[in-house]
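For the record, the sequence lines run as chains A and B.
Per numbering that gives the first Met the number 0, the very first residue in the first sequence carries number 0; after that it's consecutive.
Per numbering that gives the first Met the number 0, the very first residue in the second sequence carries number 0; after that it's consecutive.
C-beta: ideal position from N, C-alpha, C; glycine also.
These numbers come from a predicted model, not from an experiment.
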Amino acid sequence: MTSVTDHFAPPRLSLRLFAVWRRNFLVWCKLALPSIVGNLADPVIYMLGLGYGLGMLVPEVEGVSYIAFLAGGTLAYSTMNAATFEALYSGFSRMHTQKTWEAIMNAPVSLDDIVAAELLWAASKACLAGVAILAVIAAFGFAASPLALAVIPVIFLTGLCFAALGLIMTALAPSYDFFMYYFTLVITPMTLLSGVFFPQGQLPDAVRAVAQWLPLSHAVALVRPLLLGQMPGQIGLHLAVLAGITVAAFWLALGLTRRRLLK
Amino acid sequence: MSPLEISGLVKRFGEGAEAREVVRGLDLSLAPGECFALLGPNGAGKTTTLRCALGLTAATAGSIRLCGLPVPERARDARARVGVVPQLDSLDPDFTCAENLLVFAGYFGLPERDVRPRIPELLAFAGLEGKENARIQSLSGGMKRRLTLARALVNRPELLILDEPTTGLDPQARHLIWERLRRLTAEGTTILLTTHFMDEAERLANRLAIMDAGRILAQGSPREVIAAHIEPQVVEIFGEWQGEGAAAWAAAHAHALCQRCEVSGETAFCYTTDAAPLLAHLAHQPGLRSLHRPANLEDVFLKLTGRDLRD
């Protein structure tokens, strides 16, 4: 007899999950160029437009030019967006519309493997997008220090965190329209409150107290100093929050997905 | 060893007052190398039974052994030796035909160098010679189903499970699938298929089971099932009788002229061991038309599961 506790049992994974990851990677390879351009163009245009445009009005933020300040925020939030889109829209296509997961489950691969593969894949794709943005940022001279390379594992972790959160939505979604709630009620406010476009110090105290616990705040707190060639403060705390949310959200997403598909 | 052994399978969805029992104590044992058909109307519990057998959903009660392994405990290992053709197409639209087979083989841990040389043979089996690089969107419904069949064979399965393999296909495509399934059984693959096409079951299956409302109602070879459950001859009667329809005729005369009569709409189905007296009587009823034929599986199916629509 299946009960709620069975659905939320710990994941049982096998190495077959890499075959599922590879499937998604092979599809991406076919569409890599438009995919990268899609992930790159929007954030870069915003960064350059706001950075140079608003930058004329705002000479310096936290001791650096506005565009140098914005670079770190842009990298963090575009990683979040890439991971979220992949886990939501592409994940939902594979789970629901194309029945890809159903086909895979007829092979010796478990649903746990599939959801874990989706998590890793969405983070990988977000990381690929992030590296492309990092390259543009470096080309404009806003990532001069070798410390900037340390953002790559950070954006991978950021990708994992938002992929896991996104998979919760995918597990609950009746249709694609449902994702609009998540974007307008969660992702967009988080982007504005996490210090992407302006320092969190500008927020009212009560809002800031909440905002600093948002996962994107922790990603920004790590990525921005690294791009500026500084060691971030409280590295352990930020990494732990991102990792903790990843684990908790993945566990919840997996439980909800099992409840949805293994009935 | 039986490729699939199910005993006392119960599957309940929901709990308390909302609970629905979809499978209610089902026993099934496949013999190696046979083709077994599970027949039933929509909602009979066929697909749920298959999902339980594959370990894709937990049984409420009962025991299942797939390829000799207990399910769900070792379902993953068992599935490595089984091929599945699901009811709905689930081919990867982003890949070509060959890539679909290669990627799917990856889920079984089969290395590409072993699978690639077999692709022409697999595609030829599915009647898709030379379609290695064809995109899925360019395939017809029948071609997609055949590619799904080829995909289910990448791991050389001992047991092939097909859930309504020919639903929605044209006669040409159905005949090709049937011919390939016969070839597979001739080569020793055990086949379990669900269908609601009686002719499909009658043509392909060594044995079949008719199920409805989660239970098996009849089981055996197609001939055995027909012989055990229904009179051998059928006369279908329709048309006009004394200003009314065949139903009025049936109410007046059927009981005297055949063992059993079912009226569905404006047609009376008369079941009998000897149709001669009935046909002689009908010769004097000019308004009535009739069709005399041997009883078939569909008659048994309708007798056991009723004529009501299932939606």
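Out of the options, state which residue places its alpha-carbon closest to the alpha-carbon of residue i.
| i | options | result |
| --- | --- | --- |
| ALA239 of chain A | A:VAL114, A:GLY54, A:PRO224, A:THR157 | A:THR157 |
| ARG23 of chain B | B:VAL262, B:ARG259, B:MET210, B:GLN258 | B:MET210 |
| SER263 of chain B | B:ALA294, B:ARG144, B:GLU235, B:ALA282 | B:GLU235 |
| ARG11 of chain B | B:THR56, B:LEU148, B:LEU138 | B:THR56 |
| GLU265 of chain B | B:HIS252, B:CYS257, B:ALA247, B:LEU256 | B:ALA247 |
| SER77 of chain A | A:ILE154, A:ALA31, A:SER89 | A:ILE154 |
| VAL195 of chain A | A:TYR175, A:VAL185, A:PRO188, A:VAL219 | A:VAL219 |
| GLY219 of chain B | B:ALA212, B:ASN205, B:GLY213 | B:ASN205 |
| MET46 of chain A | A:TYR181, A:GLY72, A:LEU25, A:LEU12 | A:GLY72 |
| ALA67 of chain A | A:TYR51, A:LEU25, A:PHE141 | A:PHE141 |
| GLU230 of chain B | B:LEU148, B:LYS302, B:GLN136, B:LEU146 | B:LYS302 |
| SER1 of chain B | B:ASP298, B:LEU8, B:SER28 | B:SER28 |
| ASP176 of chain A | A:LEU39, A:GLY254, A:GLY228, A:PHE91 | A:PHE91 |
| ASP26 of chain B | B:GLY13, B:THR46, B:LEU3, B:MET197 | B:LEU3 |
| MET189 of chain A | A:HIS217, A:PRO152, A:ALA163 | A:HIS217 |
| MET79 of chain A | A:THR99, A:ALA40, A:LEU159, A:LYS29 | A:LEU159 |
| LEU152 of chain B | B:ARG134, B:VAL114, B:GLU223, B:PHE237 | B:VAL114 |
Determine the direct distance from the alpha carbon of residue j to that of residue i, and round the result to whole angstroms.
| i | j | result |
| --- | --- | --- |
| LEU127 of chain A | HIS237 of chain A | 22 Å |
| VAL286 of chain A | ALA247 of chain A | Missing from the structure shown is residue 286 of chain A; chain A here goes from 0 to 262 and no further. |
| THR1 of chain A | ALA217 of chain B | Its pLDDT being 48, under 50, THR1 of chain A is placed unreliably in this model, and the value from its coordinates should be taken loosely. THR1 of chain A and ALA217 of chain B: Cα-Cα distance of roughly 30 Å. |
| THR184 of chain B | GLY32 of chain B | 6 Å |
| GLU98 of chain B | GLU128 of chain B | 15 Å |
| THR165 of chain B | ARG181 of chain B | 14 Å |
| LEU296 of chain B | LEU87 of chain B | 26 Å |
| PRO10 of chain A | ARG50 of chain B | 21 Å |
| ALA227 of chain B | GLU17 of chain B | 37 Å |
| VAL57 of chain A | TYR65 of chain A | 6 Å |
| GLU199 of chain B | PRO214 of chain A | 57 Å |
| ALA315 of chain B | ARG202 of chain B | The question about residue 315 of chain B has no answer here: the residues shown for chain B are numbered 0 through 310. |
| SER62 of chain B | GLU20 of chain B | 17 Å |
| HIS95 of chain A | HIS280 of chain B | 59 Å |
| LEU251 of chain A | HIS174 of chain B | 47 Å |
| ALA8 of chain A | GLY254 of chain A | 7 Å |
| PRO40 of chain B | LEU161 of chain B | 16 Å |
| ALA131 of chain A | LEU146 of chain B | 38 Å |
| ALA242 of chain A | LEU168 of chain B | 50 Å |
| GLY228 of chain A | ASP91 of chain B | 44 Å |
Tell me which same chain residues have a C-beta within less than 6 Å of the C-beta of residue i, skipping the five on either side of it?
| i | result |
| --- | --- |
| ALA172 of chain B | GLY141 |
| LEU308 of chain B | none |
| LEU16 of chain A | ASP112, ALA115, ALA116 |
| ASN154 of chain B | PHE107 |
| TYR181 of chain A | MET168 |
Which whole-angstrom value is the C-beta distance of residue i and residue j, which I expect to be below 8 Å?
| i | j | result |
| --- | --- | --- |
| LEU225 of chain A | ALA147 of chain A | 6 Å |
| TRP20 of chain A | LEU166 of chain A | No, TRP20 of chain A and LEU166 of chain A are not in contact; Cβ-Cβ is about 14 Å, not under 8 Å. |
| PRO107 of chain A | ARG78 of chain B | 5 Å |
| VAL317 of chain B | LEU65 of chain B | Outside the displayed range of chain B (0 to 310) lies residue 317 of chain B, so it cannot be described from this structure. |
| ARG144 of chain B | ILE190 of chain B | Their Cβ separation, rounded to whole angstroms, is 15 Å, which puts ARG144 of chain B and ILE190 of chain B out of contact at 8 Å. |
| PHE300 of chain B | LEU38 of chain B | 6 Å |
| ALA93 of chain A | VAL102 of chain B | Before going on, a small fix: residue 93 of chain A reads as Arg here, not Ala. At roughly 13 Å, the Cβ-Cβ gap does not stay under 8 Å, so ARG93 of chain A and VAL102 of chain B are not in contact. |
| ALA210 of chain A | GLN199 of chain A | 6 Å |
| THR83 of chain A | PHE161 of chain A | 5 Å |
Below 7 Å CB to CB, which residues in the same chain sit around residue i once its five sequence neighbours on both sides are set aside?
| i | result |
| --- | --- |
| ARG259 of chain A | ALA170 |
| TRP27 of chain A | SER34, LYS124 |
| ASP76 of chain B | LEU68 |
| GLY54 of chain A | SER64, TYR65, ILE66 |
| LEU264 of chain A | In this structure chain A extends from 0 to 262, so residue 264 of chain A is not present and cannot be described. |
| GLY305 of chain B | none |
For residue i, I'd like the list of residues in its chain whose CB is within less than 8 Å of its CB, leaving aside the five on either flank, ordered along the chain.
| i | result |
| --- | --- |
| ARG232 of chain B | Per the sequence shown, residue 232 of chain B should be read as Gln rather than Arg. TYR270, THR271, THR272, ASP273, ALA274, HIS291, ARG292, PRO293, ALA294. |
| GLU131 of chain B | THR95, CYS96, ALA97, ILE118, PRO119, LEU122 |
| CYS260 of chain B | ALA249, ALA253, HIS254, ALA267, PHE268, CYS269, TYR270 |
| ALA137 of chain A | ALA143, ALA147 |
Who are residue i's beta bridge partners in DSSP?
| i | result |
| --- | --- |
| ARG292 of chain B | B:VAL233 |
| PHE35 of chain B | B:LEU191, B:ARG206 |
| PRO69 of chain B | B:ARG64 |
| VAL60 of chain A | A:VAL63 |
| LEU8 of chain B | B:LEU25 |
| PHE268 of chain B | B:GLU235, B:GLU261 |
| ALA81 of chain B | Just to set this straight, residue 81 of chain B is Val in the shown sequence, not Ala. Bridge partners of VAL81 of chain B: B:LEU158. |
| GLN218 of chain B | B:ALA208 |
| ARG19 of chain B | B:PHE12 |
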